[in-house]
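Undergrad:
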Amino acid sequence: MIMYLNGQFLPREQALIPVEDRGFIFGDGIYEGVRAVGTKMFEWAWHADRMENGLKGLRINFNRAQIDALEAVCERLVQDNGLTDGEAFLYLEVSRGAAPRTHFFPPATVPPTVFVSASKLVVPRKMRDEGCSAVTFPDMRWKRRDWKTVNLLGNVLARQAAAEAGAYEAILHEDGIVTEGAATNVFAVIDGVLRTHPLGERILPGITRMVLMELIAEHKLPLREEPIPFAQLDGASEIFVCGSTTDVTPVVTLDGKPVAGGKPGPMTVALRDAFEARLYQAAGTAR
Ligand SMILES: Cc1ncc(COP(=O)(O)O)c(C=O)c1O
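With this note's numbering, letter number 255 in the sequence shown gets 244, and the count goes up by one each step, no holes.
1. Hey, could you find the ends of the beta strand (DSSP E) Q(-3) is sitting in?
2. For a test of your reading of the model: does the CB of T197 fall under 6 Å from any non-hydrogen atom of ligand 1? Yes or no.
3. Please state if the CB of M116 and the CB of T257 are separated by a distance shorter than 7 Å.
4. From which residue to which residue does the alpha helix (DSSP H) around E153 run?
5. Just reading off the beta strand (DSSP E) that L81 is part of, what are its end residues?
6. Just to confirm, does G(-4) get its C-beta within under 6 Å of one of the non-hydrogen atoms of ligand 1?
7. When DSSP labels each residue in this structure, what does R117 get in the three-state scheme?
8. G16: beta carbon under 6 Å from a heavy atom of ligand 1?
9. Would you report the Cα separation of S122 and P247, rounded to the nearest angstrom?
10. Decide if the stretch 95 to 109 is in contact with the stretch 59 to 79; the criterion is three or more beta carbon pairs, one per stretch, under 8 Å apart.
11. At the level of alpha carbons, what is the spacing between T91 and I14?
12. List the whole-angstrom C-beta distance separating F315 from A25, where the pair is believed to meet the contact cut-off of C-beta under 8 Å.
13. Exposed or buried, M(-8), counting other C-beta atoms within 10 Å across all chains shown (16 or more means buried)?
14. Spatial neighbours of A172 within its chain, please: C-beta separation below 7 Å, excluding the five flanking residues on both sides.
15. State the CB to CB distance for the pair L188 and P211, rounded to an integer number of angstroms; the pair is presumed to be in contact (CB under 8 Å).
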């Protein structure tokens, strides 16, 4: 496995970071997760926008041109790791760098740590087709969830609760509303209308969600970009979660109870299929 670290392509064993790296000490960094189909990064520009916004938010010195240069790094990692045949997942992280521990920023001369890795993505077709189980879990994260920081404890604990319940995802809620999933955005159909939490500081602006917004408009599906009241989730006629490794995955069991008869609903299926068409078309490959 070849990885990219601070300008070098290295075997995994040699890709080492100092113990004083602020990503390790403080979770002081921004990451991205990008889907590759063949050699092409899906919706790179949107991922780069989100990364730029997070890095600006944290005031980490890594500009747009530097972010954009990572697209070629991702492509090379896909090639060098022999992943061009199928699908891959690219993980990118930029931390504030390594320096003696102080809560305040280190001197501006300390360079950020830049890391990229590629791994094979095996798409779980059965789960896409038949749906997954989810649990509900309190959203205990900090207030700037629109910045994709490496601080993921609220997400980690939620996903662990899901795993312990034999479920795929945890759907998070706070103050009586559904925010998003532990690593996905959430949509539900309530009274025949698609609903999802509006963009803002309380959720991550998912790239898959953005693509879906375009597809919803194209397919003229009814949508209210409004928070889903947690109390109404039980009565939803469809629920699905979406993300770069999740695509559109129907939720057919919630907290152990079937959602709308335990089968993917019609809007979910329409969007799942439209999303896959877009994903594979964009890369010029067949599923
Ligand atoms: C909290 C959270 N919400 C939503 C998403 C989905 O975002 P994307 O579609 O860009 O993968 C992710 C992806 O990792 C996530 O971690």
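The C-beta atom is built at its ideal place from N, Cα and C for all residues, glycine as well.
TA: The answer reads as follows:
1. As a working note, residue -3 is residue 8 in the sequence shown. It spans -3 to 0 - the beta strand (DSSP E) in which Q(-3) sits, taken as one unbroken run.
2. Locating residue 197 in the sequence shown gives position 208, counting from the first residue. Yes, the beta carbon of T197 sits closer than 6 Å to at least one heavy atom of ligand 1.
3. Taking the first residue of the sequence shown as position 1, residue 257 is located at position 268. Taking the first residue of the sequence shown as position 1, residue 116 is located at position 127. It is not a contact, given that the beta carbons lie outside the stated cut-off.
4. Within the sequence shown, residue 153 is the residue found at index 164, counting from 1. Taken as a continuous stretch (DSSP letters only), the alpha helix (DSSP H) holding E153 covers 142 to 153.
5. Numbered from 1 along the sequence shown, position 92 holds the residue referred to as residue 81. Taken as a continuous stretch (DSSP letters only), the beta strand (DSSP E) holding L81 covers 76 to 84.
6. For the purposes of this step, residue -4 is taken as the residue at position 7 of the sequence shown. False, no ligand heavy atom lies under 6 Å from that Cβ.
7. To locate residue 117, count along the sequence shown from 1; it is residue 128. Three-state result, R117: helix.
8. Position 27 of the sequence shown, counting from 1, holds the residue named residue 16. It does not: the Cβ of G16 is nowhere closer than 6 Å to a heavy atom of ligand 1.
9. Position 133 of the sequence shown holds residue 122. Position 258 of the sequence shown holds residue 247. So the alpha carbons of these two residues sit roughly 9 Å apart.
10. yes
11. One-based indexing of the sequence shown puts residue 91 at position 102. One-based indexing of the sequence shown puts residue 14 at position 25. Those two C-alpha atoms are separated by around 10 Å.
12. Absent from the model: residue 315. The displayed extent of the chain is -10 to 276, so no value can be given.
13. In the sequence shown, residue -8 corresponds to position 3, counting from 1. With 16 or more other Cβ atoms within 10 Å, it is buried.
14. Translated into the one-based positions of the sequence shown, residue 172 becomes position 183. N144, R148, G232, listed in sequence order.
15. As a first step, residue 188 is located in the sequence shown; it is residue number 199 there, counting from the start. As a first step, residue 211 is located in the sequence shown; it is residue number 222 there, counting from the start. Not confirmed; about 19 Å, so no contact.
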